[in-house]
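> Pasting a structure below so you can have a look.
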Amino acid sequence: YCASEGQASPSGSCAAGFYCPPDFSSTSPLAFLCPKGHYCPEGSGLPMPCPTGQYQPSLGATGCIPCRPGFYCEESIGGDPWPCPPHSYCPA
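In the UniProt record's numbering, the protein residues as written are 1 to 92.
Given below as structure tokens:
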């Protein structure tokens, strides 16, 4: 993030759980809280989607959660795992 105009380099990193678009002046802008299904480590410019096999049901996350047995987790915006379909097998 940049605390003021005309800086030659950033003032610091965006706070974990948030993402800071270019030209933003706050370390933790509430309008850019990391969305469900994504994670935002410190310094994120954009939210990163959870990889396949992981999920994140909460806002402001800094990491993703491994999918539970009996469910499957695909890269998605929803953030929640889906129950395994009938007649199928979903290991952890």
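Think of the CB as a built atom: it goes at the ideal place given N, C-alpha and C, for glycine as much as any other residue.
1. Around the C-beta of residue 44, are 16 or more other C-beta atoms found within 10 angstroms, so that it is buried, or is it exposed?
2. Go through its chain and collect everything with a Cβ distance to residue 66's Cβ below 6 angstroms, but skip five positions before and after it.
3. If you drop the 5 nearest sequence neighbours on each side, which residues of the same chain put their C-beta closer than 7 angstroms to that of residue 59?
4. Determine the direct distance from the alpha carbon of residue 74 to that of residue 30, and round the result to whole angstroms.
5. Could you name the residues of the same chain whose beta carbon sits closer than 7 angstroms to that of residue 84, not counting the 5 residues immediately before and after it, in chain order?
6. Nearest-angstrom Cα distance between residue 64 and residue 82?
Taking the geometry as given:
1. buried
2. For residue 66, the CB contacts under 6 angstroms within the same chain, skipping 5 residues up- and downstream, are 54 in chain order.
3. 33, 34, 35 and 36
4. Answer to the nearest angstrom: the Cα atoms are 27 angstroms apart.
5. 70, 71, 72 and 90
6. When rounded, the separation of the alpha-carbon atoms in residue 64 and residue 82 is 15 angstroms.
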